[in-house]
Every structure is written in structure tokens, then in C-alpha cells.
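In what follows, a single structure is set out as C-alpha cells and then discussed.
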Amino acid sequence: MPIEKMDLINNPETAPFSKLKYLSRLPDEEVAEFFNQLFLLNVAARDTGDWSPVDRYLEERGDQIAAQVAVPMHFDAAPWAPFKKRLSESKIAVMTTGGVYVEGQKPFETDGDWSFREISLDTPLDQLRIAHTHYDTSGVAGDVDAVLGIHRLLEMQAEGMVGEVLTPTYSFMGYIPEPSGLIEVTAPEVAGRLKDEGVDGVIIGTT
Amino acid sequence: MSVPRSLILRFPFGRPFGAPGNPEQQRVVLEDALIMLSSARMPGEIRNLPYRWHREDYGRILAERHGGMSAGA
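Respectively, the protein sequence lines represent chains A and B.
Heads up, the final residue of the first sequence is numbered 207 in the numbering used here, and it's a clean run with no missing numbers.
Heads up, the final residue of the second sequence is numbered 1073 in the numbering used here, and it's a clean run with no missing numbers.
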């Protein structure tokens, strides 16, 4: 597929050959090999006037490189931790991917953001904000329990149905086109914090 | 990607617990999520909840569960 200049300008992430950006994650010798081969094809194309082998090489190598560095998005088995305690004796957290943050915190970057925000459960309602452009957020900042049921959970704790409630809890913004930072950094960090806090179960409101 | 336990709701996208301003609906869903947490036995189990967005009397559902105990704001 030939490179369309306007595609590259308007939409660099999805333009042909954009996968070549993943070259930066390969070992030096593989990057060197890529450029060696490209140089040789380039020399041959100048000689023959046929540039299609260069085109094809870039496209095929782009696919190979992307497959090589891709994070697996399918797992054979679900991770499993049996829940053995009574709810009334358990520490429970609610979390969300709905882009909830607190006034004064840095808003999520709505074009892709794998960071998280701490949400204290006693945050006044008028200080809660939403930064997310991939679902209908109307009304949600005024009643975050639509995506993050913190007040419903506090009610259940007050009524004795749940033992303890985690605060602060954690909020993500679920539009993450490049999830490696989430998988490698922030998800393990939050999981570690939940474990350290002795949380027995987590309910995640996904958006 | 598989998660340990999933609840599926036929709610509008981006309203996992229910509508803003409907604490009874949100409470019903949160209770169901916690029930699933404590009762699921199979990794990757998925349950469908039957609720019809606004065409349910969530206050009645809670009253039946808790013998008239009020819930929500």
C-alpha cells in the first residue's frame, strides 16, 4: 500500500507503516538489520525504477515488528482468588474506569492516559470531576455513583452489610489505546496497594 | 482478556451502576456485584442481570430483599 501523505498528516497513528514506530523497542542489532535491508532495497529500486519492493518491505516489516512487541490481549485462563470471608467482615473497594478525578488534581488526558487518581470517599460532591470523552458523561460528575458506587458502598457499610471500605480508592480513565503503561506500571502498582491495604474484594465500574 | 468475575447489564454505555440520580438502582447493582463476588466459584464466570434500565421498581426490589429497609439517599 503506498503511503498517502495526507493520511500521515491527518492520522499518523493509523497511517500505513505507522507500526514502524515500534522499531524503537527492538534490540539495536535488529534495528540495524532493518535499516541495512531497507538500504539494499533502496539501491535496487533506484537501479530498476520499481519501488514496490521497498513499499512491500516496509509494510511487511511493520506488521512483523508490531506482532513482535504486542502485549497479549487474550489469556487462556482468568486470574482467580477465591473469596472466602463474609461480606460483613470484608474490606471492599469500588473503582472505576470512568475518568473521575478531584478538583485540583491533574485531569486525565482524554486522548489516552494510563495514570490513575486517588479518590477519597469523603470528597465533597461538588469537587468531583470527569475527564473522559468516550462515553456520555452527562450527569455523572453530579452523581459519580453511576460509575463509582462509593456512596452506595458507604451506606452498605453503615448498615453492617460490608465490613470495611477502602479510602482513598482509585480511578482510571478507560480510553487507553496504548495499554503497555497500564499493564506494566499502573495496574500492578494499584494491585499492590490494594493488597497492602488488605482489600478482600474490588468492584470495578467500567465505562 | 478475561477477568475473574463479570456482571453484564443491559444499561446504556457508561452507566455501570445505574443512572445518575437513581440511588436505588445503583444500590441494587452494587449489591448484586458483591453477591457475585462472594458466590462465584468458576474463574471467568459471567452473569447477566435482568434489569430493564428505567422500567424496574428498584425501591421495591430493595424492600423485598431487606424487608422494607430503606436504601439510597
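By construction, the Cβ of each residue, glycine as well, lies at the ideal position given by its N, Cα and C atoms.
The structure presented is a predicted model; accordingly, all values stated were derived computationally and were not measured.
What do you reckon, are the CB atoms on R129/A and Q1026/B nearer than 8 Å?
For the 8 Å CB-CB criterion, R129/A and Q1026/B do not form a contact.
Name the chain B residues that come within less than 7 Å of W114/A, Cβ to Cβ?
Neighbourhood of W114/A in chain B, by CB distance below 7 Å: empty, with the nearest CB roughly 15 Å away.
Using a Cβ-Cβ distance cut-off of 8 Å, determine whether I92/A contacts chain B.
Contact with chain B is found for I92/A, since one of that chain's Cβ atoms lies less than 8 Å from the residue's Cβ.
Across which residues does DSSP place Y170/A in a beta bridge pair?
DSSP lists E118/A as the beta-bridge partner residues of Y170/A.
Which bits of chain B does Y175/A rub up against, with CB to CB less than 9 Å?
Residues of chain B with a Cβ closer than 9 Å to the Cβ of Y175/A do not exist, since the nearest Cβ in that chain sits about 12 Å away.
Per DSSP, Q105/A forms a beta bridge with which residues?
Per DSSP, the beta bridge partners of Q105/A are E103/A.
Can you find a C-beta in chain B that's less than 8 Å from the C-beta of V185/A?
For V185/A, the closest Cβ of chain B is not nearer than 8 Å.
Got a sec, what are the start and stop residues for the alpha helix (DSSP H) A45/A sits in?
Secondary structure note for A45/A: its alpha helix (DSSP H) is the uninterrupted segment 28-48.
Round the Cβ separation of D111/A and G1014/B to the nearest angstrom and send it over; I've been treating them as touching at under 8 Å.
Not a contact, Cβ separation roughly 18 Å.
Against G139/A, what residues of chain B qualify as contacts under a CB-to-CB distance less than 8 Å, listed in chain order?
Under the 8 Å cutoff, chain B gives A1019, P1020, G1021.
In chain order, what residues of the region 117-136 of chain A put their CB closer than 7 Å to some CB of chain B?
Against chain B - using a Cβ distance shorter than 7 Å - the residues of the region 117-136 of chain A are Y135, D136.
Under 8 Å between C-beta atoms, does D209/A make it to chain B?
Nothing can be reported for residue 209/A, as the shown portion of chain A is limited to 1 through 207.
Would you say G1014/B faces chain A, with C-beta separation under 8 Å as the test?
In terms of beta-carbon proximity, G1014/B lines the interface with chain A, with at least one pair separated by less than 8 Å.
Roughly how far, in whole angstroms, is the beta-carbon of T221/A from the beta-carbon of M156/A, given that I think they are within contact range, below 8 Å?
The first residue shown for chain A is 1 and the last is 207, placing residue 221/A beyond what the model contains.
Residue-level contact to chain A via CB, A1063/B, 8 Å cutoff
No, A1063/B lies away from the interface with chain A (no Cβ there is under 8 Å from its Cβ).
Would you tell me roughly how many angstroms separate the C-alpha atoms of K181/A and W114/A, rounded to the nearest one?
In the sequence as presented, Lys is not what sits at residue 181/A; that position holds Gly. Roughly 6 Å between the two C-alpha positions.
Would you say V144/A and V190/A are within 8 Å of each other, going by their C-beta atoms?
No.
Checking the sheet assignment: what are the DSSP bridge partners for L128/A?
Within the DSSP secondary-structure output, L128/A pairs in a beta bridge with V102/A.
At which residues does the alpha helix (DSSP H) containing S1039/B begin and terminate?
Counting along the chain, the alpha helix (DSSP H) containing S1039/B begins and ends at 1023-1039.
K84/A in three-state terms, based on DSSP:
If DSSP states are grouped into helix, strand and coil, K84/A belongs with coil.
Are three or more beta carbon pairs between the region 63-71 of chain A and the region 21-28 of chain A nearer than 8 Å?
Yes, since at least three Cβ pairs between the region 63-71 of chain A and the region 21-28 of chain A fall closer than 8 Å, the two stretches touch.
Report yes if the C-beta distance between V94/A and L148/A is below 8 Å; otherwise report no.
Cβ atoms of V94/A and L148/A: closer than 8 Å.
Contact belief for L1007/B with R1047/B at Cβ below 8 Å, rounded distance in angstroms:
That pair is a contact at about 6 Å.
Let me confirm a value: P177/A is counted as buried when at least 16 other C-beta atoms fall within 10 Å, else exposed. Which label applies?
Counting of Cβ neighbours within 10 angstroms places P177/A among the exposed residues, the total staying below 16.
Could you check if P79/A is buried or exposed, using at least 16 other CB atoms within 10 Å of its CB as the buried criterion?
P79/A is exposed by the Cβ-count criterion.
Neighbour list for W80/A in chain B, Cβ cutoff strictly below 7 Å
Within chain B, P1004, P1043 have C-beta atoms less than 7 Å from the C-beta of W80/A, given in sequence order.
By DSSP, does G1072/B sit in helix, in strand, or in coil?
Reliability of the predicted coordinates at G1072/B is poor, the pLDDT of 46 falling under 50, and the value obtained from them is presented with this limitation in mind. Note: G1072/B maps to coil in three-state DSSP.
Please classify K84/A as buried or exposed, where buried requires at least 16 other C-beta atoms within 10 Å of its C-beta.
The residue is exposed, with fewer than 16 neighbouring Cβ atoms inside 10 Å.
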